[in-house]
Amino acid sequence: MNNPQNMSTNPIILIPARMASTRLPGKPLADIGGKPMILRMLDIGLKAGIGPVAIACDGEEIAAAVRAAGGTAIVTDPDLPSGSDRIWQALTRLGGAHDIIINVQGDMPTLDPAIIRQVLALLDNPEVDIATLAAEIRDETEKTDPAVVKPIISFHETPTEQPRGGDSRGGGEAMGEHPRALHGRALYFTRATAPANPGPLYHHIGLYAYRRKALERFVSLPPSPLESREKLEQLRALEAGMRIEVGIVNTVPLGVDTPETLEKARRFYEGR
7 MNNPQNMSTN PIILIPARMA STRLPGKPLA DIGGKPMILR MLDIGLKAGI GPVAIACDGE
67 EIAAAVRAAG GTAIVTDPDL PSGSDRIWQA LTRLGGAHDI IINVQGDMPT LDPAIIRQVL
127 ALLDNPEVDI ATLAAEIRDE TEKTDPAVVK PIISFHETPT EQPRGGDSRG GGEAMGEHPR
187 ALHGRALYFT RATAPANPGP LYHHIGLYAY RRKALERFVS LPPSPLESRE KLEQLRALEA
247 GMRIEVGIVN TVPLGVDTPE TLEKARRFYE GR
């Protein structure tokens, strides 16, 4: 995955953020170690070192905090149905000939910047429309948890035991590239326990890299039947025949969506 002819020449990282979180309202501006979470995410995007970073937000409150810190914020329609729609609208308002768009969720403040580079590298293959990431499930309870989305992956080579060293839901330790850059084509995503029978299961990480034309096509499509049934937006792309490549990393970054996970993120930044 290192053919320079296929590498993007003008990528951009877009981070969608909205104040109206159901379980943790106002979370983009929640303080984590002396900074609002959205500014932690802005720092992570900049540390990835792959191109400009902008926040796609649903109102002026978030935009003001980002701009005061010297960042770029685009205010989008607060009624947009998804983060993908929000980043597409932000992209069109920003302008520029960005050929790759990386959608980094705004609530993963322990994210290792290195895995942003890894998801970008998956687009070295010109046949891939969308790239994303997953980690092997180590916690048995996650295998039957419908909140944990499992990608079903057709690997290009047989998976082997991965190095452990780190909590699979956690603090950002031991993340980064798998030693053999293990990756494969997504056949499906599900909330069920799948595939059946012995073998590894994987925890999807909500980080995407899109080719510009793929994102434009994706947001123009209506919700698909399987998307509506599983409540998983990425199934719309698969039902439309788009190729999603999944890279394997070692751990899942912490997603902040409850007071408890917010406290975990604050502990992660203590002393940093």
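Under our numbering, residue 278 is the last one in the sequence shown; the count climbs by one each step, no gaps.
Where a beta carbon is used, it is the ideal one built from N, C-alpha and C, also for glycine.
Measuring only the C-alpha atoms, how far is residue 20 from residue 234? Here residue 20 refers to the residue found at position 14 when the sequence shown is read from its first residue. Here residue 234 refers to the residue found at position 228 when the sequence shown is read from its first residue. Roughly 25 Å separates the two Cα atoms.
Out of 251, 62, 268, point me to the one whose CA is closest to residue 129's CA. Here residue 129 refers to the residue found at position 123 when the sequence shown is read from its first residue. Selected option, being the one with the closest Cα: 251.
N- and C-terminal bounds of the alpha helix (DSSP H) containing residue 270: Taking the sequence shown and counting its residues from 1, the one referred to as residue 270 is at position 264. Note, residue 270: alpha helix (DSSP H), 265 to 275.
May I have the straight-line CA-CA distance separating residue 16 from residue 134, to the nearest angstrom? As a position in the sequence shown, residue 16 is number 10, starting the count at 1. As a position in the sequence shown, residue 134 is number 128, starting the count at 1. C-alpha separation (whole angstroms): 17 Å.
Member of 238, 124, 272 whose CA lies at the smallest distance from the CA of residue 152: On the sequence shown, position 146 is the one that residue 152 refers to. Considering only alpha carbons, the answer is 238.
By DSSP's criteria, residue 109 is part of a beta bridge. Which residues make up the other side? Locating residue 109 in the sequence shown gives position 103, where the first residue counts as 1. DSSP output for residue 109 lists 20, 214 as bridge partner(s).
Check whether chain D comes within 7 Å of residue 208, counting only Cβ atoms and requiring the distance to be less than that. Of the protein chains in this structure there is only one, and it is not chain D.
To the nearest whole angstrom, what separates the beta carbons of residue 80 and residue 96, a pair I think is in contact under 8 Å? Your numbering for residue 80 matches position 74 in the sequence shown. Your numbering for residue 96 matches position 90 in the sequence shown. With a beta-carbon spacing of about 4 Å, residue 80 and residue 96 fall inside the 8 Å limit used to define contacts.
Label residue 92 either buried or exposed according to how many other C-beta atoms from any shown protein chain fall within 10 Å of its C-beta, with 16 as the threshold for buried. Within the sequence shown, residue 92 is the residue found at index 86, counting from 1. Under this definition residue 92 is a buried residue.
For residue 204 and residue 70, I'd like the C-alpha separation in whole angstroms. Numbered from 1 along the sequence shown, position 198 holds the residue referred to as residue 204. Numbered from 1 along the sequence shown, position 64 holds the residue referred to as residue 70. Approximately 51 Å between the Cα atoms of the pair.
If you measure between the beta carbons of residue 254 and residue 193, is that distance less than 7 Å? The residue given as residue 254 occupies position 248 in the sequence shown. The residue given as residue 193 occupies position 187 in the sequence shown. Not a contact, by the Cβ cut-off of 7 Å.
Span separating the alpha-carbon of residue 224 from that of residue 61: What you label residue 224 is simply residue 218 of the sequence shown in a count that begins at 1. What you label residue 61 is simply residue 55 of the sequence shown in a count that begins at 1. Whole-angstrom Cα-Cα distance: 20 Å.
DSSP state of residue 249, grouped into three classes? Residue 249 sits at position 243 when you count from the first residue of the sequence shown. Coil at residue 249, not helix or strand.
Measuring straight from C-alpha to C-alpha, what distance separates residue 64 and residue 244? Against the sequence shown, residue 64 aligns to sequence position 58. Against the sequence shown, residue 244 aligns to sequence position 238. Answer to the nearest angstrom: the Cα atoms are 28 Å apart.
Which stretch, first to last residue, makes up the beta strand (DSSP E) that contains residue 191? Indexing the sequence shown from 1 puts residue 191 at position 185. Start and end: 189 to 196.
Is residue 268 buried or exposed, if buried means 16 or more other CB atoms sit within 10 Å of its CB? Working through the sequence shown from its first residue, we reach residue 268 at position 262. So residue 268 ends up on the buried side.
Is DSSP giving residue 116 helix, strand or coil here? As a position in the sequence shown, residue 116 is number 110, starting the count at 1. In this structure, DSSP gives residue 116 a state outside helix and strand, which the three-state scheme calls coil.
Indicate the three-state DSSP secondary structure (helix, strand or coil) for residue 257 in the structure shown. As a position in the sequence shown, residue 257 is number 251, starting the count at 1. Residue 257 falls in the coil class under three-state DSSP.
Quickly, what does DSSP pair residue 59 with across the bridge? List them, please. Position 53 of the sequence shown, counted from the first residue, corresponds to residue 59. Its beta-bridge partners are 19.
Beta carbon of residue 141, beta carbon of residue 209: below 7 Å? As a first step, residue 141 is located in the sequence shown; it is residue number 135 there, counting from the start. As a first step, residue 209 is located in the sequence shown; it is residue number 203 there, counting from the start. The answer is yes: Cβ separation under 7 Å.
Measure the alpha-carbon distance for residue 112 versus residue 262 and round it to whole angstroms. Residue mapping note: residue 112 aligns to position 106 of the sequence shown, counting from 1. Residue mapping note: residue 262 aligns to position 256 of the sequence shown, counting from 1. The straight-line gap from Cα to Cα measures roughly 9 Å.
Range covered by the beta strand (DSSP E) that runs through residue 139: On the sequence shown, position 133 is the one that residue 139 refers to. Run containing residue 139: 136 to 142, per the beta strand (DSSP E) assignment.
Going by Cα to Cα distance, which pick from 241, 230, 40, 265 is closest to residue 278? Within the sequence shown, numbered from 1, the residue matching residue 278 stands at position 272. Comparing Cα-Cα distances from residue 278 to each of 241, 230, 40, 265, the minimum goes to 40.
Alpha carbon to alpha carbon, what distance is there between residue 228 and residue 67? Residue mapping note: residue 67 aligns to position 61 of the sequence shown, counting from 1. Residue mapping note: residue 228 aligns to position 222 of the sequence shown, counting from 1. Looking at the two C-alpha atoms, the distance is approximately 30 Å.
Could you check the C-alpha separation between residue 47 and residue 191 for me, to the nearest Å? On the sequence shown, position 41 is the one that residue 47 refers to. On the sequence shown, position 185 is the one that residue 191 refers to. Residue 191 has its alpha-carbon roughly 28 Å from the corresponding atom of residue 47.
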